[in-house]
Every structure is written in C-alpha cells, then in structure tokens.
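Colleague:
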Amino acid sequence: MASIEFKQICKSYGNISVIKGIDLEIKDGELVVFVGPSGCGKSTLLRLLAGLEEEDSGSMYIGETLVNSIAPKDRNIAMIFQNYALYPHMTVAENIGFGLKLRGMNKKKRARAVDETASLLGLKHLLTKQPRQLSGGQRQRVAMGRAIIRNPEVFLMDEPLSNLDAKLRNQMRIEIRKLQRRLKTTTIFVTHDQIEAMTLADRIVVLNDGKVQQVGAPSKLYSSPVNKFVAGFLGSPSINFIHARRTGDNELTLPDGQCVLLPMDQAQILSDLREVEIGIRPEQINIVKKSDQTAMEKNTITWSSSVSLIESLGSEKLVYSFHGEHEVAIKTTNSNGALEGSNIQLSFSMNNAHLFALNDGRCLSPVAGNA
Amino acid sequence: MMVDACHLWLAMRKVKYMADNVTARGKKRLLKPFYNAGYIKAWLYLAPALLFLILFTYYPMVQVLWDSFFLKEYGAEKKLFVAFDNYRRLFADEDFITAVKNNLIYAIGTVIPSIVIGFGFALSLTQSSRFKNCIRSLLFFPTLVPLVAAAALWIFIYFPGIGLLDYYLAKLGIQSTDWLGDPDIALYSLMILTIWKNAGFYMLFFIAGLQGIGEEYYEAASLEGAGWWQKLRYVTLPLLAPTSAFVFVIALIHVFTHVDHVIVMTLGGPMGSTNLVLYYIYQNAHEFNDLAKATTATVLSVMVLLAISFFSIRTMERGIHYES
Amino acid sequence: MKSFNRIKKITITLPIAAIIVILMIGVSWSVAAEKINFYFPTSVQGPLTREMQKMVKQYNKMQNDVKVVATFTGSYEETKIKASAAVKAGRPPAVALMSANFIHEFVAEDQIEPIEFFLKESKQTTSDFLSDFWPGLHANATVNGKLYAIPFQNSTPILYINADHFREAGLDPDNPPKNWEELVVAGKKLIRKEGEKTTRYGLMLPMQYNYVNWVFQGFVMSNGGQYYNTHYLGEVYYDTSTTRGALQFYSDLIHKHGIMPASITNSKQVSTDFFAGRTSMMILSTGTLSHVRKNAQFNYNVGFVPSKVRNGVPIGGASMIIFKGITEKERDAAWDFVSWLTAPEQLGSWSRFSGYFAPRKSSYEMPVMKEFMAKNKDAAVALDQLQYAGPWYSTFKTVAVAKPIGDAIQAVVTGKKTVEEVIPEAQRKADELLKPYNAAHSYIQGQ
Chain A
0 MASIEFKQIC
10 KSYGNISVIK
20 GIDLEIKDGE
30 LVVFVGPSGC
40 GKSTLLRLLA
50 GLEEEDSGSM
60 YIGETLVNSI
70 APKDRNIAMI
80 FQNYALYPHM
90 TVAENIGFGL
100 KLRGMNKKKR
110 ARAVDETASL
120 LGLKHLLTKQ
130 PRQLSGGQRQ
140 RVAMGRAIIR
150 NPEVFLMDEP
160 LSNLDAKLRN
170 QMRIEIRKLQ
180 RRLKTTTIFV
190 THDQIEAMTL
200 ADRIVVLNDG
210 KVQQVGAPSK
220 LYSSPVNKFV
230 AGFLGSPSIN
240 FIHARRTGDN
250 ELTLPDGQCV
260 LLPMDQAQIL
270 SDLREVEIGI
280 RPEQINIVKK
290 SDQTAMEKNT
300 ITWSSSVSLI
310 ESLGSEKLVY
320 SFHGEHEVAI
330 KTTNSNGALE
340 GSNIQLSFSM
350 NNAHLFALND
360 GRCLSPVAGN
370 A
Chain B
0 MMVDACHLWL
10 AMRKVKYMAD
20 NVTARGKKRL
30 LKPFYNAGYI
40 KAWLYLAPAL
50 LFLILFTYYP
60 MVQVLWDSFF
70 LKEYGAEKKL
80 FVAFDNYRRL
90 FADEDFITAV
100 KNNLIYAIGT
110 VIPSIVIGFG
120 FALSLTQSSR
130 FKNCIRSLLF
140 FPTLVPLVAA
150 AALWIFIYFP
160 GIGLLDYYLA
170 KLGIQSTDWL
180 GDPDIALYSL
190 MILTIWKNAG
200 FYMLFFIAGL
210 QGIGEEYYEA
220 ASLEGAGWWQ
230 KLRYVTLPLL
240 APTSAFVFVI
250 ALIHVFTHVD
260 HVIVMTLGGP
270 MGSTNLVLYY
280 IYQNAHEFND
290 LAKATTATVL
300 SVMVLLAISF
310 FSIRTMERGI
320 HYES
Chain C
0 MKSFNRIKKI
10 TITLPIAAII
20 VILMIGVSWS
30 VAAEKINFYF
40 PTSVQGPLTR
50 EMQKMVKQYN
60 KMQNDVKVVA
70 TFTGSYEETK
80 IKASAAVKAG
90 RPPAVALMSA
100 NFIHEFVAED
110 QIEPIEFFLK
120 ESKQTTSDFL
130 SDFWPGLHAN
140 ATVNGKLYAI
150 PFQNSTPILY
160 INADHFREAG
170 LDPDNPPKNW
180 EELVVAGKKL
190 IRKEGEKTTR
200 YGLMLPMQYN
210 YVNWVFQGFV
220 MSNGGQYYNT
230 HYLGEVYYDT
240 STTRGALQFY
250 SDLIHKHGIM
260 PASITNSKQV
270 STDFFAGRTS
280 MMILSTGTLS
290 HVRKNAQFNY
300 NVGFVPSKVR
310 NGVPIGGASM
320 IIFKGITEKE
330 RDAAWDFVSW
340 LTAPEQLGSW
350 SRFSGYFAPR
360 KSSYEMPVMK
370 EFMAKNKDAA
380 VALDQLQYAG
390 PWYSTFKTVA
400 VAKPIGDAIQ
410 AVVTGKKTVE
420 EVIPEAQRKA
430 DELLKPYNAA
440 HSYIQGQ
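Residue numbers (numbering that gives the first Met the number 0), protein chains in the order written: chain A, 0 to 370; chain B, 0 to 323; chain C, 0 to 446.
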C-alpha cells in the first residue's frame, strides 16, 4: 500500500500533446477516479503510471519510490483492463495464478493463493473453466482476482465496467467499492461515466484536454466546480447555462431583458468582466404556480416558457423547457401539473447559481447559499 | 487436391451446422434430417462444388486406387490384375525407398526451419512502419517468384566457383563447393532454396496471426511480471497455435506437392540424392514407362496427404475455440 | 408468360445460330487448306524455336493445301510426354520431331505410321530412300527392319579445346588429343592450381542424367565396347570389360590425374566453365557448335572424341514421325510437310543455322553448304567424325534402363563408390527392368 504522486507529467504522441503537465497526489488507501471525456488523457495517465507508456518529462512516485525508469512488472501494481485481457487458453485458475507463476511461486503455494482469492470473489466453482465459458460479470471477477492475488500496492482499473450491461455494472461497482474498502489498496479507477465517478470515488480527478481541472470529494466538485467544464461534466442532467450581460456594477441583464442585482461582494469578483454565464443545476429550478409570484425574493429570476418534454424517473421528473432560445432541464419532485406543450412559470434563486466568466469559463464565486 | 478435400470437409460441417440451426429455429428437431428443409437447402448450395469435386478429385482418386491393382506391362496388349504386386514392386524399388527417405529429410529440414524463420521474421516485423513494410515486401518477394524461376535463379547462385554463393564464400576464404553436384550436399541445397522461398510466405500468416493478438494481452503480461521470453512462451505461442497448425500443414503439403526445382536443378540426381516422391512418380509415369508403379506411389502419397489434411482440420477446429 | 419467353428466346437464337453456322461453313470453304499440328522440341530455346517457326511459316506460304500449326513443346523429354498424352487423349498431333532414341517406344505402343507406307505411294523403296542418309542414323530410325522416322537434326559428342590454353601449355592446338593417352598428357599440362585448389581443369564432361549416358556411350565405344545391343531392345552391356574400362578411365581422369573435377557438372556448367577459361577442354554435342562459335572469346578448336581401341561416338538428335489416329487427309498433309522439311535444302539450312549436322549426304552437295563447310572447319570435323558414329542407346524403357548406369557413373565421379562396386549393381538393376521384355520376346533358358 502506498501513496502516489505525479509531478509535472507530460506526454505527447508526435505533435499531439495529450498530457500537459499534471501534478497530483493520491493518498495511501484512497480510491481515486479519473474522469473526463474521451481523449482527455485519463487512460494515458493511468498507463503512464503502469509503465505501459513512457512519459516525456516529469516524475512519478509510488510510495517513496521514483518509478519512472522502473519496469512495469517491478512497480508492484496490478491493472484491470477494459476487456479484462484474460488468456483464452488458460483456465480461470491459471489466469488468476499467472502472475504468481511468472514470479516463480511454487505450485502448491500458488494453488492455495488462487483458492483463497477465488473464494473471496465467489469464483471457486469456476476454477477449471476457460474464459469463453464465463459470463461478462464472471470474467470481470476473474480479472479482479488476477489483480488482487499478488497483493499489489496499487490497483489500476481502466474502464473495467464499460463492457457490462447497466444492472451488472451497478452491482460490480458496489462490489469493487466494498472490496477496495476491505483491502485498503490505493486504487485509481478510470471512467468516462460521471455517475460511476460520483458513486465510487473518495476523490474525483476531473481531466480535460490533458490537464487536471479539479480534484476533490464528489460532493465538493458537484457543489463547487472551479470552472464551467467541471460544472458541466458532473451531474445528470447537465447544469444549465444562461448567458448574461453586465449592465451595471452589480447588475446583470439576461437575454430576455430581465435584470438582476447581485450582492456587492459578488459584484466585486466580477471586476471588469462584461459578460458572464449563470450556471444553475436542474434541481435548483422550480416550477411555480403563477399565483406564487408575489412571494419571490429579490434576486430570484423568473420566466415562463413552454414544456418540450417530460421524462419521469419515478420519484422525480425531468422537465425540459426553454430560457429564451436555450433549452433548460429541470429536475423536480413537484411539477405543479406541468404538461408537455403547456406553459409553465420557472424560477431560480441567484443564491443557488454559479457565475462563470464567459471568456475562460472559470467560476467567479462560490455560490452564496453554499459558501 | 488435398486442400479441396479440406474445403469439402469444412463445407459438410457447415451443412450440418446450418441444418441444425434451421431445425432449432423451426423446433422440428424430431424430424428425420433427410426430410428436413434445412438439410435439403444446404445440400443444394453444396451441390455444384461437390459435383466438380467428385468429378475431378474423388473419381480420379478412386480410379488411381483401382488402377494400382493392375499391371499393363509396357508394350503389352493386356492389363492384368496383380493384386498387391505393384506395392511389392514399389517397396522393392531402391529408388522409391531413397525418394521416401529424401522426402522425409526434406520435410523435416524445410518445414521446421522455414516456419521458425517465418515466425522470427513476423515477430520482428509485426508493427508496421515504412521501413518494416519495405523489409516485409522484400522477404515476401521469393513467394511471388514461381518455383521454376526461383530454381533457375538459384542454379546461378549455386554455380560452383563463379556463382554468387561461392563468389562471396571465396572472399571469406572458403573453397568452392559443388552445391548441386555433390550427392552429399545437393538435397540440402534444394532445402535452402525451399526455405528461402517459403519462409516469407509463412511470415505473412504469422504476421496476420500476431496482429490478431490484442495488445492488452502483452500489457497484462508485462504487469504480471512477464519478460520477453515469458510473453513469447505464455502469450504469443499459445494464442498463435491455430495459425501455427495451419502453417504447419500448408508447409507439409508443400513438401509433397512441389518438385519443380528438382526438375529444373538436379533431375533427382546426383545418384538419386535429390529424388523426391513426386518426382519419382513423374519419372515412372512419363520417363520410365512404369505407370503401375507411378500409380501405386500416387495412392500412397495421396493417403499421406489425406492424413495430413484431416489432422489439420482437427487442429484448426480446435483453434476456433480460442475466438470467443 | 413462360412459354412466351421460350418462343422469344428461340426467335432470337435461331437466326444467330444460322449466322454462326453459315460463317463457319464460309470460313472452312475459304480456307480449304488441311490444318495439321506439329510438335517440336529444341535443346536450346529462343533462336532455334524462332527459326523453326520461320521455316513452318515459309512452308505455309509457299502452298495452299496444308496449314501447319507448329507448337514448341519444350525439351526432348517433355515433347515425348506431351505427344503421348495427346495420343492418349485421342487427339494426336499429325507430326512431331522426336528424340531419336524414343522412336521405338511409339512403335511398341503402335502409335506411329511406318514411313514405308508413304514411300510406297511415291514408289520408292526404303533402302533407296535411306541411302541418302548417313549410315549411322539408320538404326535409330528403324525398328525391326522397318523405317518409322526421318532424321532431321543430328549430333555426336565432340571434343572442344581452348586453343590459347594449348599454346600456352606448349601443346599444338591444331592437333587435339587423338587418343586416351594423349588426352591424359595434354590434360595434365593444362591443369592450373593455386595451392590445393584447382583453378583450371583439363577436361569437363556433362554429368547430368541422360547427357552423361550419351557421352559415356562414346567412351565405351572408343574402348571397343557396344554399350547396348543395337539389334535387340532387351539387352545392355554394363557389366563388361569395355564398360568397366571406360568408367575406370573416368575415375582415373578425376581421382588419379585430377584432370576433371569430382563433381556432377551439368552441360550448362561445362560450357560456362569452358567460356570462362576454367576448363581447357570439354566434350559436348556438335549441336553446341554455333553456341560456342558465338560465345568463345578465345581461339578454339574441335577434335574427335579421343579413341582407345577405335574411334566411336553415338549419334544423338531428333527425327520426324507421323502419328496414327489422324484422318487420311491429315496424313497426306503430314507427309507433304515432312517431305518438304526433310528435303536436302531445308535440312542444310537448318544445319547451318543450328550447328547440328544434316542427316542427308546430298545436303552437303549443295553449293551454299560447300561454301559454309569451307568457312567453318569445325563443322567439317564434326562431319568427318560421322564415319565412326553408331546409334544412340535405345532399349526397352530407355530412360529407366539408362538410370542405373547414370547413377553408377555419378557415384564413381564423386568418389562415393568404386567401379567394381557400381558396375554389377547397374547391370543387375537394368536386367531387372528388361526382364518383362525378354520374357515376352526372346527364348531364355530356364523359362
């Protein structure tokens, strides 16, 4: 078990730079999820740590050891691949025990270790089977078995659940979480699925364009994204953005002409920006009855629009509507009788909104309500 | 011809699969296969190819087998039934025994080296780059040259004293060698030509096979602690087994069905040292006027080739299991 | 609908078929010439093939009754195989140029017409007809006293020497070695060595199957031997003093005197080494004369194959045969073509081009030929040697019977076995092969 540290790691393929100077520390025993859209460099970063790719510059530490020039097999890590990379010509037992065999463990000891691992994962009855005879979930488990049997310092998981169907994926996610808690092995989990990231991670690392966007606990990243990208990437449905022009020191004007006054401390952060975007989570928009208008607070934005689509999630509903020309999504338990095609009254409080600079997307303020 | 037989066998297996599928879908498994619509359809698809196979492959095979029990002495009027006398004559013929021995040495000495070399080439040339593609084409080139032309070319390479080989060996201070004229060396000279000609061909199969092995198998092996040799031993070789089996059979069949270079380079000499079974058959049929002996030797080689073919299909079918 | 389609089909196909039939009739009327197939081999591809095609074209142009389609069929052996295959398929060629020692095989299988058949029509007797051909050629063209083939191109082994090497070694290039003793003396003088390695041999012979037998037959004849029974197809004389002697002479040339290399050199290697000055003498066919004329970058000379007891060489070459199983018209056309091709003029011109000697004496009476012979002294030597020429070995299963002695020679040449070891073995194998023929044809004690 060990901590991990990336220092100024860079990697490019030809002219294309995929990792642009990453600094990151992972604590011993932590489960960290790398998340980001495809091409963001998350897998590359993982493979750099595994030693499957060679970094251009920077250094990586596992524990106290600088691992840059250490061969993959000597880094004491185990990796689970997207398609598991199980050997089709070996039985389950041989697959699980492969690493031990390569490391010269004798047959008897190996068999015992394989047995233990298999019972831990509920694979005991499958030991003599070949991978092609197994279901997707069982294969996944064999891959995990092969990883944990060596008791490595670090687990690396490269989108290990993406080949499973939705139900099995949830189940395996929980299993991985439980297993990691029990083994307390430092784990890096790569995914492009933000739900997986939110539910699994001790800390999430959001990557985009070869850079770390933000690192933190899932709830922290959700409530306090540092930029428009993080805000947009986490949460489903995505956060809604509404464009706004600054028309006074602390006055913002929305495309529909509505003005809203910010508290003076927020206005200060705006400094000399002329244009911003207001980010508001779907669950922070309310559908209000027309009669409730009078009850509105001062920094509340209210507008009416038509409903284009309603999706029911059971206890909650997703309502799709518009602000001006932009579609907005609303997640609510109380749709106040909204129907597809009908006109509804929408409102949100600026206390729940995030302000982002239009030019570089950075978040301008912690939201007043959460601050 | 043997390859055709393989195809037919595979086709018949397919008929069975097709018919099984059709029955499964129609849930009429209890119906006799003969009346089964799927079966009839499948056989109809197969009919044209089967007809030609029977006409041009199986009928001649049966005919040859039949003929091997008769003897029409050269110049005689009548064909006589002699039972197994042709077989007795064949095994009493020192030339035939020599040809079989030569063919065995030739088989072992060409199949294994050309496969190993082809595999080696493939291993070092799997990743493509412009340079490697170029080398690959160069190595594949001998395959494109007809064996007759290759043999004609190698006559000059082997030319004692002034041939390419002796020319360069002389620079190393090695005396001129009579590559095709020395009965102790001639067969090995032909073997080198064969290896030169075939290794590139087998390389191509191995490259295709290697490219079919996912990179992650190697990456997983690296992380599990495998070195170069262990990756070769535990990942590459087992996963390449179906390809290897296929190449092995192709190579074996090659050994028994190609003698152009013998005809061009040595005529089986000196002293019968380069005579191979197929050339022996050719000689007896066309030059020695002993058709019965040629026929009998043909029956035996067809049997050997059939055995190889069926063995090959077995291994290839076993290989299919790896793909899942 | 279906029947309508059928009618439509018929209405369309009928006129087309009619047109085709009319065209075909028209074509066959307009070309009234009898079309016949002619298979020919050449020992040297390229120029000889082209020259043959040229002659056939000339024949086709000068008359309108016969159109010959000439097909180049490869080597002598390949031509035999292809012709046999065509006969078996029921579509024999009308005419073929066939290796002279294979003729009797076609006779045995009853596949070719005796030439008498045609001579009778032109009221010629066989002996009159044959009197114009060199006597040495008669045997190979005749089976059991009947003429089956007309010689077309012929050759004998001949000794080629590098005159420059002779001069340099103090030998007279105008007097090539006449007998075996002189051959050994000259050979020893001509050898050049660098340390242990021989850089120039005195003599080289073709040692590949078939060619090796032909040249060796010459040495056996020189040694006073017969090699095979020229009157009977079922007997070879391998285990005889004369054959043993000839083979011992080979062995001594190689292993005792070092004059020849101990390797199975094929004819191409021999000529290449001769041109490259790596051997001072070689024995090859007279058919190689024009090739040597063209390629030798030095002065060369030719001589008889050296004698021991007598001069003697076998005649090689190919003859024209006419197949059975063709129509009467085709047969007449075939005879017309063969008569033209084997007329003195054509044989002469082919001889001048190829280097083979012309089988007809009368070819050499022609002024153009006299002039050629005067200019090319080497061709005259080849012709002179003809008086000592005998027929080419030709037995029941010729090639198969030739192989044991071929193997024997190769074994002695390479030093694998001694003469004493190989000779009885060769005889035993040959006798085994000849057994069926003897059982069928001659009265043998114990049967």
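Just so you know, even glycine gets a beta-carbon here, dropped at the ideal spot from N, CA and C.
1) Suppose contacts are defined by Cβ-Cβ distances below 9 Å. Is Thr229/C in contact with Pro343/C by that definition?
2) Sorted by chain position, which residues of the same chain lie with C-beta nearer than 7 Å to Lys100/A's C-beta, five sequence neighbours on each side aside?
3) Any C-beta of chain A sitting closer than 9 Å to the C-beta of Tyr233/B?
4) Jot down the residue ranges of each uninterrupted alpha helix (DSSP H) in the stretch 69–116 of chain A, minimum 4 residues, whole runs only, in chain order.
5) Against chain A, which members of the stretch 204–216 of chain B pass a CB distance test of less than 8 Å?
6) Going along the chain, which residues of the stretch 255–280 of chain B sit with their C-beta nearer than 7 Å to a C-beta in chain C?
7) Using DSSP with H/G/I as helix, E/B as strand and the rest coil, what is Gly231/A?
8) Does DSSP classify Ala440/A as helix, strand or coil?
9) Output the distance between the C-alpha atoms of Lys360/C and Phe248/C, rounded to the nearest integer angstrom.
10) So, does the stretch 207–225 of chain C touch the stretch 301–310 of chain C, judging by three or more C-beta pairs under 8 Å?
11) Closest by CA to Asp22/A, which one among Ser16/A, Ser58/A and Glu29/A?
12) So, at 8 Å on beta carbons, what are the nonlocal neighbours of Leu133/A in its own chain, with the 5 sequence-adjacent residues on each side left out?
13) Would you say Tyr86/A lies against chain B (beta-carbon separation less than 9 Å)?
14) Residues of chain B with CB under 8 Å from Tyr208/C, in chain order?
15) Entirely within the stretch 44–97 of chain C and at least 4 residues each: give me those alpha helix (DSSP H) ranges in chain order.
16) Under 6 Å Cβ to Cβ from Thr278/C, same chain only, skipping five residues before and after it: list those, please.
17) Whose C-beta lies closer than 6 Å to the C-beta of Gly25/C among residues of the same chain, with five residues either side of it excluded?
18) Just by C-beta distance, which residues in the stretch 56–67 of chain B are closer than 8 Å to chain C?
19) Leaving out the 5 sequence neighbours to the left and right, which residues in its chain are closer than 8 Å to Pro71/A when beta-carbon positions are compared?
20) Distance cutoff 9 Å, beta carbons only. Does Thr22/B sit that close to anything in chain A?
21) Beta strand (DSSP E) containing Tyr208/C: first to last residue?
22) Nearest chain B C-beta to Asp447/C closer than 9 Å, yes or no?
23) Note down the Cα distance separating Asn294/C from Ala106/B, rounded to an integer number of angstroms.
24) For Lys292/B versus Arg135/B, is the C-beta spacing smaller than 9 Å?
25) Which term fits Arg181/A, buried or exposed, when burial requires 16 or more other beta carbons within 10 angstroms of its beta carbon?
26) Can you tell me whether Leu30/B is buried or exposed? The criterion is at least 16 other CB atoms within 10 Å of its CB, across all chains shown.
27) Can you give me the start and stop residues for the beta strand (DSSP E) that Leu122/A sits inside?
28) May I ask which residues mark the beginning and end of the alpha helix (DSSP H) holding Ser16/A?
29) Quick one: is Phe273/C near chain B, going by C-beta distance under 9 Å?
30) Report buried or exposed for Ile238/A, applying the criterion of at least 16 other Cβ atoms within 10 angstroms of its Cβ.
31) Under 9 Å Cβ-Cβ, which residues of chain C neighbour Tyr73/B?
32) For the beta strand (DSSP E) that contains Ile321/C, what are its first and last residues?
33) Is Ile104/B near the ligand GTP, in the sense that its beta carbon is under 8 Å from a heavy atom of that ligand?
34) Which residues, taken in chain order from the stretch 288–311 of chain B, show a beta carbon closer than 7 Å to some beta carbon of chain A?
35) Take Leu253/A as the anchor and find which of Leu312/A, Gly209/A, Thr127/A and Ala243/A has the nearest alpha-carbon.
36) With 16 as the cutoff for other CB atoms within 10 Å, does Gly256/A come out buried or exposed?
Modeller: Taking the coordinates as given:
1) Along the third sequence, one-based indexing puts residue 229/C at 230. Along the third sequence, one-based indexing puts residue 343/C at 344. No, these two residues do not count as a Cβ contact at 9 Å.
2) Position 101 of the first sequence, counted from the start, is the residue given in the question as residue 100/A. Excluding residues within five positions, the ones whose Cβ falls inside 7 Å are Arg109.
3) Sequence index remark: in the second sequence, residue 233/B carries index 234 (1-based). With 9 Å as the cut-off, Tyr233/B counts as an interface residue toward chain A.
4) The qualifying runs are 91–101.
5) Gly213, Glu215 and Tyr216: these are the residues of the stretch 204–216 of chain B whose beta carbon lies less than 8 Å from some beta carbon of chain A, given in chain order.
6) Listed by position, the residues of the stretch 255–280 of chain B near chain C (Cβ gap below 7 Å) are Leu266, Gly268, Pro269, Met270 and Gly271.
7) By 1-based counting over the first sequence, the position of residue 231/A is 232. Note: Gly231/A maps to helix in three-state DSSP.
8) With chain A represented from 0 up to 370, any question about residue 440/A goes unanswered, as that position is not in the structure.
9) Here residue 360/C is taken as the residue at index 361 of the third sequence, counted from 1. Here residue 248/C is taken as the residue at index 249 of the third sequence, counted from 1. Rounded to the nearest angstrom, the two C-alpha atoms are 35 Å apart.
10) Yes, they touch.
11) Here residue 22/A is taken as the residue at index 23 of the first sequence, counted from 1. Scanning Ser16/A, Ser58/A and Glu29/A for the CA closest to the CA of Asp22/A turns up Ser58/A.
12) Translated into positions along the first sequence, residue 133/A becomes position 134. Within the same chain, Leu133/A has close Cβ partners Val91, Leu125 and Val141.
13) What you label residue 86/A is simply residue 87 of the first sequence in a count that begins at 1. Answer yes: the Cβ-Cβ gap between Tyr86/A and chain B drops below 9 Å somewhere.
14) Locating residue 208/C in the third sequence gives position 209, where the first residue counts as 1. Chain B residues near Tyr208/C: Leu266, Gly267 and Gly268.
15) Correct list: 46–61 and 75–87.
16) On the third sequence, position 279 is the one that residue 278/C refers to. Same-chain partners within the cutoff: Tyr200, Met203 and Asp272.
17) As a position in the third sequence, residue 25/C is number 26, starting the count at 1. Caution is warranted here: a pLDDT of 48 is assigned to Gly25/C, below 50, making its placement in the model unreliable, and the coordinate value is therefore given only provisionally. In the same chain as Gly25/C, and ignoring 5 residues on each side of it, no C-beta atom comes closer than 6 Å to its own.
18) Close to chain C, meaning a Cβ-Cβ distance shorter than 8 Å, is no residue of the stretch 56–67 of chain B at all.
19) Position 72 of the first sequence, counted from the start, is the residue given in the question as residue 71/A. Excluding residues within five positions, the ones whose Cβ falls inside 8 Å are Ala49, Gly50 and Leu51.
20) If you number the second sequence from 1, residue 22/B lands on position 23. Only weak support is given to the placement of Thr22/B: the predicted model assigns it a pLDDT of 46, under 50, and the value that follows is read from those uncertain coordinates. No - not a single Cβ of chain A is within 9 Å of the one on Thr22/B.
21) As a position in the third sequence, residue 208/C is number 209, starting the count at 1. For Tyr208/C, there is no enclosing beta strand (DSSP E), as DSSP marks it with neither H nor E.
22) What the structure shows of chain C is the stretch from 0 to 446, and residue 447/C is not part of that stretch, so it cannot be assessed.
23) Position 295 of the third sequence holds residue 294/C. Position 107 of the second sequence holds residue 106/B. Their backbone Cα atoms lie some 41 Å apart in a straight line.
24) Start at 1 with the first residue of the second sequence, and residue 292/B comes out as number 293. Start at 1 with the first residue of the second sequence, and residue 135/B comes out as number 136. No, these two residues do not count as a Cβ contact at 9 Å.
25) As a position in the first sequence, residue 181/A is number 182, starting the count at 1. Sixteen is the threshold: since fewer than 16 other Cβ atoms of the shown chains lie within 10 Å of the Cβ of Arg181/A, the residue is exposed.
26) The residue you call residue 30/B lines up with position 31 of the second sequence. For Leu30/B, the predicted model reports a pLDDT of 46, less than 50, meaning its position is unreliable and no value from the coordinates is stated.
27) If you number the first sequence from 1, residue 122/A lands on position 123. Leu122/A: not part of any beta strand (DSSP E); DSSP gives it neither H nor E.
28) Sequence index remark: in the first sequence, residue 16/A carries index 17 (1-based). Ser16/A -> not in any alpha helix (DSSP H); beta strand (DSSP E) instead, spanning Ile15 to Ile25.
29) For the purposes of this step, residue 273/C is taken as the residue at position 274 of the third sequence. Answer no: the Cβ-Cβ gap between Phe273/C and chain B never drops below 9 Å.
30) On the first sequence, residue 238/A is found 239 positions in, with the first residue counted as 1. Answer is buried; the Cβ neighbour count reaches 16.
31) Counting from one through the second sequence, the residue named residue 73/B turns up at place 74. In chain order: Glu104, Ala107, Glu108, Phe395, Lys396, Pro435 and Tyr436.
32) Here residue 321/C refers to the residue found at position 322 of the third sequence. In the DSSP assignment, Ile321/C falls within the beta strand (DSSP E) that extends over Gly315 to Ile321.
33) In the structure shown, the ligand GTP is absent, as is every other ligand, since no ligand is present at all.
34) None of the residues of the stretch 288–311 of chain B has a beta carbon lying less than 7 Å from any beta carbon of chain A.
35) For the purposes of this step, residue 253/A is taken as residue 254 along the first sequence, with counting starting at 1. Of Leu312/A, Gly209/A, Thr127/A and Ala243/A, the smallest CA-CA separation from Leu253/A is found for Ala243/A.
36) Position 257 of the first sequence holds residue 256/A. It counts as exposed.
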